[in-house]
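Okay, so here's the structure we're looking at.
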Amino acid sequence: MQLLKVTSIQRGCVYDGRGVRTTVFLKGCSLHCPWCCNPETISTDNEIFIDESKCLKNQRMQGRFCRSCERCGGEMPITACPLGVGENTVKYHTPEELYEILIKDIGLFAQTGGGVTFSGGEPLLQAEELIPLLQKLKQENIDVVFETTLVAPTDALIRVLPYADGFIVDFKLQPQMKLYDTIYLRRIKAHYALLNGKRITNRLVFVNELAAHREQVVSVLRELGIERIELLLCHDLGAKKYEKLGLAHTDCSADKKLIIQFNNYLKSKNIKASLLTI
Amino acid sequence: MKIRSIIKSVIPAFLLDYCREYIQLSQRNPAFTKRKILCRGIILRPRKGNDQRDDFVRQFALMCSKQRFEVGTYYVYPFDTMTLRVLPRGIAGICSITADFGKILKSDLQQLRQTLCRCSDKDFATRENGIIESIERLASGIASRLESEHTERAEVLRTYFPSMLYRKPQTLDEAIQKQLFYNALFWQVGHRHIGLGRLDKILYEYYERDIRESRITDTEAKELLRHMILTLGKDTRAKSVSLIGDTGQYILLGGIDDDERTIQNRLTLLFLELFTELNIPDPKLILRVNSETNDEVWSRAIRCISTSCGSPLLMNERPVMENMVRFGYDAKDVAQVGTSACWEPLIIGKSFDQNNPFRSASPLKVLNDLLLGDNKTYASFEELLAAYKTVFAGELRSVVHDIDFDCSPLFTLFFDDCIRREKDFTQGGAIYAYHGAQVVGLPNAINALLNIKEIVFERHLYTLDDCREAMRRNFAGYEDLYSMLLATGKKYGSTDEEVITLTNDLMEFVGEIMSICMCNGEKIKVGFSSPAYVALAKQVGASLDGRKAGEPFAVHISPISSAIDISKILDFASRLNYTGNRINGNVVDFILPSAYVRQPEKLKAILKDACDKGIFELQLNVLDKQTLIDAKAHPDKYPNLIVRVWGFSAYFNDLPEAFQDNLIRRAETYATA
Ligand code: SF4
Ligand code: SF4
Numbered sequence: 164m165q166l167l168k169v170t171s172i173q174r175g176c177v178y179d180g181r182g183v184r185t186t187v188f189l190k191g192c193s194l195h196c197p198w199c200c201n202p203e204t205i206s207t208d209n210e211i212f213i214d215e216s217k218c219l220k221n222q223r224m225q226g227r228f229c230r231s232c233e234r235c236g237g238e239m240p241i242t243a244c245p246l247g248v249g250e251n252t253v254k255y256h257t258p259e260e261l262y263e264i265l266i267k268d269i270g271l272f273a274q275t276g277g278g279v280t281f282s283g284g285e286p287l288l289q290a291e292e293l294i295p296l297l298q299k300l301k302q303e304n305i306d307v308v309f310e311t312t313l314v315a316p317t318d319a320l321i322r323v324l325p326y327a328d329g330f331i332v333d334f335k336l337q338p339q340m341k342l343y344d345t346i347y348l349r350r351i352k353a354h355y356a357l358l359n360g361k362r363i364t365n366r367l368v369f370v371n372e373l374a375a376h377r378e379q380v381v382s383v384l385r386e387l388g389i390e391r392i393e394l395l396l397c398h399d400l401g402a403k404k405y406e407k408l409g410l411a412h413t414d415c416s417a418d419k420k421l422i423i424q425f426n427n428y429l430k431s432k433n434i435k436a437s438l439l440t441i
Numbered sequence: 027m028k029i030r031s032i033i034k035s036v037i038p039a040f041l042l043d044y045c046r047e048y049i050q051l052s053q054r055n056p057a058f059t060k061r062k063i064l065c066r067g068i069i070l071r072p073r074k075g076n077d078q079r080d081d082f083v084r085q086f087a088l089m090c091s092k093q094r095f096e097v098g099t100y101y102v103y104p105f106d107t108m109t110l111r112v113l114p115r116g117i118a119g120i121c122s123i124t125a126d127f128g129k130i131l132k133s134d135l136q137q138l139r140q141t142l143c144r145c146s147d148k149d150f151a152t153r154e155n156g157i158i159e160s161i162e163r164l165a166s167g168i169a170s171r172l173e174s175e176h177t178e179r180a181e182v183l184r185t186y187f188p189s190m191l192y193r194k195p196q197t198l199d200e201a202i203q204k205q206l207f208y209n210a211l212f213w214q215v216g217h218r219h220i221g222l223g224r225l226d227k228i229l230y231e232y233y234e235r236d237i238r239e240s241r242i243t244d245t246e247a248k249e250l251l252r253h254m255i256l257t258l259g260k261d262t263r264a265k266s267v268s269l270i271g272d273t274g275q276y277i278l279l280g281g282i283d284d285d286e287r288t289i290q291n292r293l294t295l296l297f298l299e300l301f302t303e304l305n306i307p308d309p310k311l312i313l314r315v316n317s318e319t320n321d322e323v324w325s326r327a328i329r330c331i332s333t334s335c336g337s338p339l340l341m342n343e344r345p346v347m348e349n350m351v352r353f354g355y356d357a358k359d360v361a362q363v364g365t366s367a368c369w370e371p372l373i374i375g376k377s378f379d380q381n382n383p384f385r386s387a388s389p390l391k392v393l394n395d396l397l398l399g400d401n402k403t404y405a406s407f408e409e410l411l412a413a414y415k416t417v418f419a420g421e422l423r424s425v426v427h428d429i430d431f432d433c434s435p436l437f438t439l440f441f442d443d444c445i446r447r448e449k450d451f452t453q454g455g456a457i458y459a460y461h462g463a464q465v466v467g468l469p470n471a472i473n474a475l476l477n478i479k480e481i482v483f484e485r486h487l488y489t490l491d492d493c494r495e496a497m498r499r500n501f502a503g504y505e506d507l508y509s510m511l512l513a514t515g516k517k518y519g520s521t522d523e524e525v526i527t528l529t530n531d532l533m534e535f536v537g538e539i540m541s542i543c544m545c546n547g548e549k550i551k552v553g554f555s556s557p558a559y560v561a562l563a564k565q566v567g568a569s570l571d572g573r574k575a576g577e578p579f580a581v582h583i584s585p586i587s588s589a590i591d592i593s594k595i596l597d598f599a600s601r602l603n604y605t606g607n608r609i610n611g612n613v614v615d616f617i618l619p620s621a622y623v624r625q626p627e628k629l630k631a632i633l634k635d636a637c638d639k640g641i642f643e644l645q646l647n648v649l650d651k652q653t654l655i656d657a658k659a660h661p662d663k664y665p666n667l668i669v670r671v672w673g674f675s676a677y678f679n680d681l682p683e684a685f686q687d688n689l690i691r692r693a694e695t696y697a698t699a
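Which chain is which? The protein sequence lines are G and P, in order.
So the first sequence is numbered by my numbering: it starts at 164 and just counts up by one.
So the second sequence is numbered by my numbering: it starts at 27 and just counts up by one.
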């Protein structure tokens with residue numbers, strides 16, 4: 164049985180998309196956006212979150228249980244620390260287990276038009292493993308949305324298409340991503356065309372550097388036939404997580420004034436942009 | 027303690043009583059100087075040797091002739107906060123009664139007199155007639171004072187005083203005046219926590235007729251209700267029982283009527299709208315919801331909750347009513363379910379249920395006592411649990427006892443069953459007298475037990491003796507254990523089977539023990555919400571849920587861990603078993619981060635879903651930790667910040683520091699959930 168690699172599951176999400184939703188964060192992504200606020204979802208390896216602030220050793224103390232801890236030369240893996248210093252970033256679930264969690268809110272989904280959102284990471288990278296779960300969800304008529312960059316094998320997208328009701332497409336047009344090359348654009352264009360007929364929300368994380376590339380952004384959006392897009396102000400939400408993963412990171416927090424100007428510029432070019440506040 | 031006994035031996039008892047009474051008066055009237063209180067205070071003391079009921083009638087008569095009231099206000103509200111009726115020593119006051127104001131509005135004192143003529147117990151009839159005479163005297167006193175007022179409003183009010191005592195109100199305005207008049211009397215005789223009941227149901231016929239006959243417009247009706255609410259809220263301090271705001275004045279909305287149809291009319295919406303606009307803590311709203319509650323009512327309720335005024339508390343009426351019937355209330359009566367001030371169900375117009383007269387039982391204190399008292403080793407968690415249950419049973423039995431309650435010939439007059447039975451309201455007149463007990467801090471006890479199970483018996487990380495020593499030292503030198511208790515695995519509020527099973531097991535156990543306890547010859551109910559989570563916790567030392575000595579217990583059914591969010595706690599609460607006698611109020615209490623307010627439709631869906639799944643009751647604060655911290659530091663910046671406390675709302679600035687800190691701590695915990 165293929166297991167799904169999940170980093171977390173959030174029930175009762177009210178901010179993202181139609182109705183009340185349960186969001187499943189899947190592990191693995193081929194991009195490395197410097198502002199990624201879920202860095203634990205990028206690698207497919209089981210990294211460990213280490214919360215140094217909880218560890219007694221750092222406070223010059225030793226709990227009785229510390230003696231057997233690997234940090235003190237013992238055998239006990241840090242993930243077994245009773246203070247929760249080490250935490251596996253990945254939880255392996257069978258499709259059945261995940262299904263049981265997801266259908267808890269089936270009443271709520273029906274009432275609000277909500278459903279399940281697969282996010283990540285890049286959820287399409289686990290398309291194959293997702294299929295049995297998607298089948299079960301569709302049997303119950305549960306709304307399914309993918310939050311994706313569309314940077315994934317075409318096959319993967321085709322595999323999930325029959326089960327998906329909607330897509331939140333996260334465009335990577337920021338200059339840091341260096342994806343203005345034709346390969347990215349060609350691939351996105353092809354993949355975007357496949358979404359025809361589905362509910363689509365377009366989204367772009369705004370970083371200050373985008374301001375200088377606004378013409379290019381408009382031309383790409385035009386090329387894709389996009390008339391409406393949500394702009395999300397980049398915040399430094401993931402700082403603590405980078406620290407816990409022992410990874411370096413840069414603060415890409417964007418300027419509110421610039422996003423407003425950018426928003427107005429898009430509007431002046433007949434692209435209906437809206438600011439998404441979380 | 028010592029000083030107290032010295033004072034007692036030196037100062038005669040009557041002088042002590044005297045001081046106590048004046049202190050009470052000055053607490054009720056903080057705006058008055060001590061001198062003014064001494065000169066103006068009217069204290070009606072009991073007379074020794076008198077039959078308690080006769081003495082009530084005498085005190086009531088004095089009250090009605092001596093009390094001072096204002097007539098220049100929109101409605102006349104004859105509640106004189108400077109007049110105090112004193113109860114005989116050892117007698118407990120009556121609290122949290124909701125009379126059927128629907129019937130009171132239709133009452134006719136003349137007709138009541140005739141009914142009393144037919145009573146076989148002449149003493150009973152004489153007493154009740156005495157009450158009627160006093161009411162009439164007060165009403166004509168008001169009428170003559172109104173004579174000398176030369177305002178348009180006084181002219182209108184003159185048409186109500188005293189005629190309204192002898193007729194069904196002719197307008198909404200008269201209905202409100204009559205309701206306020208009697209409400210004030212109930213307060214004046216010293217009954218506390220007077221509920222208002224189902225005002226959308228009761229007042230609707232008067233509203234509807236006024237509108238139909240074009241006597242008033244909808245806007246004018248709303249204005250009358252606004253006056254009514256403000257009148258009820260003007261004496262908050264004098265009406266408060268412990269903390270300022272704890273008056274128990276609830277207006278009940280929604281819910282089914284005797285014909286099974288759900289009440290949701292224009293007044294339901296108007297009340298919700300008014301509370302959203304007024305944003306005041308007292309009075310408060312309770313909304314009975316069921317699957318028929320319509321979308322508009324839900325939406326307005328969510329809007330009201332979003333203002334953070336703490337109203338309305340939601341009562342999921344189906345499970346509440348079903349369990350009440352199972353307990354022993356008549357199926358015909360439960361459609362008129364109301365609450366005792368906060369959340370404990372009772373029957374409006376039929377209950378003398380005193381739902382909070384005992385000390386709350388504290389499962390955590392008992393666990394601490396067991397662990398620290400016996401130094402025993404236990405072979406297994408099951409053995410420890412069994413020993414715990416034995417001592418817990420003792421605690422439960424010890425809280426329940428018989429109580430001598432005050433009487434109320436005044437309530438007697440307006441409770442049909444009392445007149446039919448010719449008995450005083452508290453002496454067999456009211457048909458229900460199922461009093462209630464409460465358990466406080468069960469979440470803490472559950473967490474402590476789960477921790478012991480995992481740390482001591484499963485992972486063998488610490489011995490029970492280590493834990494005991496850590497408790498004795500308030501975790502000093504045991505910081506590692508302390509952090510672990512907070513961090514470790516399973517916690518109250520999670521839907522993990524083990525947590526739910528243990529919680530239900532203990533709740534059932536509580537129910538079982540309580541089912542053999544009686545108060546004044548009647549069986550009792552028990553609930554898992556209690557106002558004592560700060561006061562009682564002060565006396566309880568460090569505990570194995572990761573709580574330091576004196577820190578507050580969890581509030582009602584609420585998580586004490588940041589890993590548990592609103593979805594989880596609602597799921598958890600809907601899987602608890604409230605059957606048997608476990609009906610004395612079971613409130614989920616949660617502090618929502620304000621982000622939810624921006625998505626009212628979705629919040630509505632989450633709450634509706636929780637009701638479908640079977641929660642009992644729910645109250646919400648919508649607060650950010652930052653606001654609370656700032657408000658504590660700069661009270662003058664937040665004069666109107668309202669928060670929900672145990673079952674009532676209050677201005678944050680009026681709360682004692684322990685309550686302020688507890689709210690801040692909880693807002694922080696839930697924000698990360
Ligand atoms: S067990 Fe290890 S990780 Fe945990 S507190 Fe001790 S040293 Fe730190
Ligand atoms: S695409 Fe999304 S998940 Fe992947 S690195 Fe970028 S922000 Fe993170």
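All C-beta atoms in this analysis are idealised placements derived from N, C-alpha and C, irrespective of residue type, glycine included.
Note that the structure is a prediction, hence the values are computed from the model and not measured.
- Residue range 329 to 334 is occupied by the beta strand (DSSP E) that includes D333 (chain G).
- With respect to the C-alpha of S431 (chain G), the residue from G:D399, G:V381, G:L439 having the closest C-alpha is G:V381.
- Cβ neighbours of E210 (chain G) within its own chain (closer than 7 angstroms, five residues either side excluded): E203, T252, L408.
- In the structure shown, A165 (chain P) falls within a helical segment according to DSSP collapsed to helix, strand and coil.
- The alpha-carbon of Q78 (chain P) is positioned some 13 angstroms away from that of L436 (chain P).
- For ligand 1, residues qualifying as neighbours are G:C218, G:L219, G:K220, G:G226, G:F228, G:C229, G:C232, G:R234, G:C235, G:I241, G:C244, G:L246, G:V248, where qualification means a beta carbon closer than 6 angstroms to at least one of its heavy atoms (chain order).
- Proximity of the beta carbon of N201 (chain G) to ligand 2 is indicated: a heavy atom of the ligand is located closer than 7 angstroms.
- Excluding residues up to 5 positions away in sequence, P626, L629, K630 lie with their Cβ nearer than 7 angstroms to the Cβ of I328 (chain P) in the same chain.
- Counting the other CB atoms within 10 Å of its CB gives K651 (chain P) a total of 16 or more, which places it among the buried residues.
- With a cut-off of 8 angstroms on Cβ pairs, the segment 86 to 99 of chain P is in contact with the segment 159 to 168 of chain P, counting three or more such pairs.
- When 9 angstroms is used as the limit between beta carbons, K419 (chain G) is near no residue of chain P, the shortest such separation being about 18 angstroms.
- With a 10 Å radius around the Cβ and a threshold of 16 neighbouring Cβ atoms, Q337 (chain G) comes out buried.
- Closest option to V332 (chain G), judged by alpha-carbon separation, among G:P325, G:I346, G:K361: G:K361.
- Between the segment 261 to 277 of chain P and the segment 347 to 362 of chain P, the count of Cβ pairs shorter than 8 angstroms is below three; the stretches do not touch.
- Assignment of beta strand (DSSP E) within the segment 250 to 307 of chain P, counting only whole runs of 3 or more residues, yields 276 to 280 in chain order.
- Ranking P:D506, P:G128, P:P38, P:T152 by CA distance to the CA of G223 (chain P) puts P:G128 first.
- In terms of side-chain proximity, the C-beta atom of C192 (chain G) is found nearer than 7 angstroms to a non-hydrogen atom of ligand 2.
- By the Cβ neighbour-count rule, C65 (chain P) is exposed, with fewer than 16 other Cβ atoms within 10 Å of its own.
- Within the model, the alpha-carbon separation for G467 (chain P) versus A273 (chain G) is close to 36 angstroms.
- For secondary structure counted as the alpha helix (DSSP H) over 4 or more consecutive residues, the segment 456 to 526 of chain P holds these complete runs in sequence order: 468 to 477, 490 to 498, 505 to 513.
- When the beta-carbon positions are compared, A387 (chain P) and L410 (chain P) stay at least 8 angstroms from each other.
- Rounded to the nearest angstrom, the gap between the Cα atoms of T514 (chain P) and K190 (chain G) is 25 angstroms.
- The alpha-carbon of E263 (chain G) is positioned some 39 angstroms away from that of A563 (chain P).
- The beta carbons of S332 (chain P) and K310 (chain P) sit no closer together than 8 angstroms.
- Under a 10 Å Cβ-count criterion, L298 (chain P) is classified as buried, with 16 or more other Cβ atoms of the shown protein chains found around its own Cβ.
- A direct Cα-Cα distance of roughly 21 angstroms separates Q50 (chain P) from N382 (chain P).
- When C-beta atoms of the segment 529 to 544 of chain P are compared with those of the segment 495 to 503 of chain P, fewer than three pairs fall below 8 angstroms, so the two segments do not count as touching.
- Judged by DSSP in its simplified three-state form, D208 (chain G) adopts coil rather than helix or strand.
- Residue contact with chain P for G401 (chain G): absent (no Cβ-Cβ distance below 8 angstroms to any residue of chain P).
- Among the residues of chain G, those whose CB is under 9 angstroms from the CB of Q625 (chain P) are V177, Y178, V183, following chain order.
- Excluding five sequence positions before and after V426 (chain P), the CB atoms of its chain that fall closer than 7 angstroms to its own CB belong to F384, A463, C543, C545, I550, given in chain order.
- The alpha-carbon of Y186 (chain P) is positioned some 13 angstroms away from that of Y208 (chain P).
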